[in-house]
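Residue numbers (the numbering used here): -16 to 578.
We treat Cβ as the ideally placed atom computed from N, Cα and C, and that holds for glycine.
Encoded as structure tokens, the structure appears first; notes follow it.
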């Protein structure tokens, strides 16, 4: 796939730009547009820096989404001297030193301000020697440097600077392989005549006249539109036949387009402005014919903005004596643009030819500098990338080292934490053990103190016949078995307990009555007496029968008033004494007892 370039022709009035395949014999055009060149920006080929032009050109490129940065310029200047020379056939790398050594013979100018450019037109073989036919150009240095400055301002890289004569030749070269043919490029301020014989340039001359005078004359007239600007006046010639068929106004004739005297006079005035252009072109053609044994020119083709002016080809045919046609060979070039501007192929001819095979006008020193300049940006990008990569690497290494140090600190702290955790665990176990011991010691001392207080309160508040058979002190409660002679006394004992300050009655149970004889109770029928350590089994003795005693007993559960715990909220029962049996019943049934 061919590489794309921007090919530009910066004229004194109009700048033309195309995006096209580079160095291709069958190029494709992708984009094409034109814009106005600011007044006095171009002075005979030298480009002056103009910020408005740079801004407008960049805007057009952005508008069409053109991102190509390689550019080819085609240059037209009367200061570029053109000569044909013949030199012996030497190696190609010896040609430039040879013509440079003899530059004064070809161009009588100060060569310090010029540099030489050549192209091989052909070979001449005779019996005496073999020679090259060369086309020599003396190019002013300020012309090429001004294009370099413009490219740098546009942030573009120059692939080549071509001479407009070579650009036009490359366009018509394939069609001019046979016979003698001429192509005339007519622009706003200048024209170029190129004569090609059998595919080789034999004459090329520039004319310092174009269609600028006739365009400015149209701007002064109101016949084809009022207050026309430069672009509007140019379009008027493309859409109307404003040019007459002959220059000679003495011929009394009227053309079909002369619909009124005003229009006829306007057309005569406009056509008269082309007299100098036609005269200079005619003299160049006559010069060639006279120098070549009166060999006629087979065809003349028109390109440039003049080729789009209606009637100009017919006027040239009538005045020059040759058949002049608008060149149609450009119609074979494929256009793939979707945003093609209102520019024609005739005005793009030089741009197209410059991209096909440009003639490098840059001097070897400037070309070397431009190549080095073109490498600066990639090299700078590469250096910047390397610097960024190195910086990122160093930063990453620093971060890795910092993380390693942090990890080491974490591991060290982890070890310390493990030691502290073990110490903490050991401390907590010791603390729990200590608290447990203190708790039970406190409880034991507390329970003992409260038991003493309970016994002392019993001594103060209980009746004298209050007897305790069994007393069990467990944690915060006391279970005691009490006995007395009658139920009334038992009830008094229970009532006294309800009024204790140290304890609260929780439960009363196992209330029973029995007759006690000589320390052996008369139990209900079927019951088995159970000896106790405090009451040893009675030993039968001889003597009178002892008097039986009536005994009441019960089990009472009390808790300390500040105990709470498992007895908190318990319902305190009120004892209901069992009616006592009569003595007659007891005598009748000595072992009976009621609960």
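Beta carbon of residue 598, beta carbon of residue 124: below 7 angstroms?
In the structure as shown, the chain begins at -16 and stops at 578. Residue 598 is therefore absent and cannot be evaluated.
Any contact of the stretch 231 to 249 with the stretch 132 to 150, i.e. 3+ C-beta pairs under 8 angstroms?
Segment contact: the stretch 231 to 249 against the stretch 132 to 150, fewer than three CB-CB distances shorter than 8 angstroms; contact not assigned.
With 16 other CB atoms within 10 Å as the buried threshold, where does residue 368 fall?
The residue given as residue 368 occupies position 385 in the chain shown. The residue is exposed, with fewer than 16 neighbouring Cβ atoms inside 10 Å.
Give, in chain order, every unbroken run of the beta strand (DSSP E) that is at least 3 residues long and sits entirely within the stretch -4 to 64.
-3 to 4, 11 to 19 and 53 to 58
Alpha carbon to alpha carbon, how far is residue 139 from residue -14? Give it in angstroms, no decimals.
Position 3 of the chain shown, counting from 1, holds the residue named residue -14. Position 156 of the chain shown, counting from 1, holds the residue named residue 139. Answer to the nearest angstrom: the Cα atoms are 15 angstroms apart.
CA-CA distance, residue 150 and residue 188?
Working through the chain shown from its first residue, we reach residue 150 at position 167. Working through the chain shown from its first residue, we reach residue 188 at position 205. Near 14 angstroms, if we compare the C-alpha coordinates of residue 188 and residue 150.
Are residue 28 and residue 69 touching if we call contact CB-CB under 7 angstroms?
In the chain shown, counting from the first residue as 1, residue 28 sits at position 45. In the chain shown, counting from the first residue as 1, residue 69 sits at position 86. Against a cut-off of 7 angstroms, the Cβ pair of residue 69 and residue 28 comes out as no contact.
Rounded C-beta distance between residue 285 and residue 276? I'm assuming under 8 angstroms.
Counted from its first residue, the chain shown places residue 285 at position 302. Counted from its first residue, the chain shown places residue 276 at position 293. Between residue 276 and residue 285 the Cβ distance is about 26 angstroms, and since that is not below 8 angstroms, they are no contact.
Suppose the cutoff is 6 angstroms on Cβ atoms and the five residues either side in sequence are ignored; what does the same chain contact list for residue 57 look like?
In the chain shown, counting from the first residue as 1, residue 57 sits at position 74. A distance below 6 angstroms between beta-carbons, with the five flanking residues on each side excluded, links residue 57 to the following residues of its chain, in chain order: -8, 145, 147, 150, 333 and 337.
Quick one: is residue 142 buried, meaning 16 or more other Cβ sit within 10 Å of its Cβ, or exposed?
As a first step, residue 142 is located in the chain shown; it is residue number 159 there, counting from the start. The residue is buried, with at least 16 neighbouring Cβ atoms inside 10 Å.
Check whether the Cβ atoms of residue 116 and residue 99 sit closer than 7 angstroms, and answer yes or no.
The residue you call residue 116 lines up with position 133 of the chain shown. The residue you call residue 99 lines up with position 116 of the chain shown. Not a contact, by the Cβ cut-off of 7 angstroms.
Count the other CB atoms, across all protein chains shown, that sit within 10 Å of the CB of residue 378; report buried if there are 16 or more and exposed otherwise.
As a first step, residue 378 is located in the chain shown; it is residue number 395 there, counting from the start. Under a 10 Å Cβ-count criterion, residue 378 is classified as exposed, with fewer than 16 other Cβ atoms of the shown protein chains found around its own Cβ.
List the endpoints of the continuous alpha helix (DSSP H) containing residue 334.
Your numbering for residue 334 matches position 351 in the chain shown. For residue 334, the uninterrupted alpha helix (DSSP H) segment begins and ends at 332 to 339.
Please say whether residue 451 and residue 465 have beta carbons closer to each other than 7 angstroms?
In the chain shown, residue 465 corresponds to position 482, counting from 1. In the chain shown, residue 451 corresponds to position 468, counting from 1. Yes, the pair counts as a contact, with Cβ atoms nearer than the cut-off.
Which of the three DSSP states is assigned to residue 101 in this structure?
Residue mapping note: residue 101 aligns to position 118 of the chain shown, counting from 1. In this structure, residue 101 counts as strand in the three-state DSSP scheme.
Quick one: give me the first and last residue of the alpha helix (DSSP H) that residue 244 is part of.
Stepping through the chain shown from its first residue, residue 244 is reached at position 261. Its alpha helix (DSSP H) spans residues 244 to 255.
Which class does residue 194 belong to by DSSP, given the choice of helix, strand or coil?
Here residue 194 corresponds to residue number 211 of the chain shown, with the count starting at 1. Coil.
Just to confirm my understanding: we take residue 179, look at its own chain, exclude 5 residues before and 5 after, and list those with CB closer than 8 angstroms. What are they?
Indexing the chain shown from 1 puts residue 179 at position 196. The residues are 152, 155, 156, 159, 163, 164, 165, 166 and 185.
Could you have a look at residue 446 and say whether DSSP puts it in helix, strand or coil?
Within the chain shown, numbered from 1, the residue matching residue 446 stands at position 463. Residue state, collapsed to three classes: coil.
In or out: residue 203 buried (at least 16 other Cβ within 10 Å) or exposed?
By 1-based counting over the chain shown, the position of residue 203 is 220. Under this definition residue 203 is an exposed residue.
How would you call residue -5, buried or exposed, if buried means at least 16 neighbouring beta carbons within 10 angstroms?
Locating residue -5 in the chain shown gives position 12, counting from the first residue. Under this definition residue -5 is a buried residue.
So, at 7 angstroms on beta carbons, what are the nonlocal neighbours of residue 314 in its own chain, with the 5 sequence-adjacent residues on each side left out?
For the purposes of this step, residue 314 is identified with residue 331 of the chain shown, where counting begins at 1. Same-chain partners within the cutoff: 328.
Beta strand (DSSP E) containing residue 174: first to last residue?
Taking the chain shown and counting its residues from 1, one reaches residue 174 at position 191. Its beta strand (DSSP E) spans residues 174 to 180.
Please go through the same chain and pick out, in chain order, the residues whose beta-carbon is closer than 7 angstroms to the beta-carbon of residue 210, but skip the five residues on each side of it.
The residue labelled residue 210 in the question sits at position 227 within the chain shown. Nothing meets the Cβ criterion.
Let me know if residue 483 comes out buried or exposed under the rule of 16 or more other beta-carbons within 10 Å of its beta-carbon.
Position 500 of the chain shown, counting from 1, holds the residue named residue 483. That one is buried.
Mind listing, in chain order, the continuous alpha helix (DSSP H) runs of no fewer than 4 residues lying wholly within the stretch 133 to 167?
147 to 155
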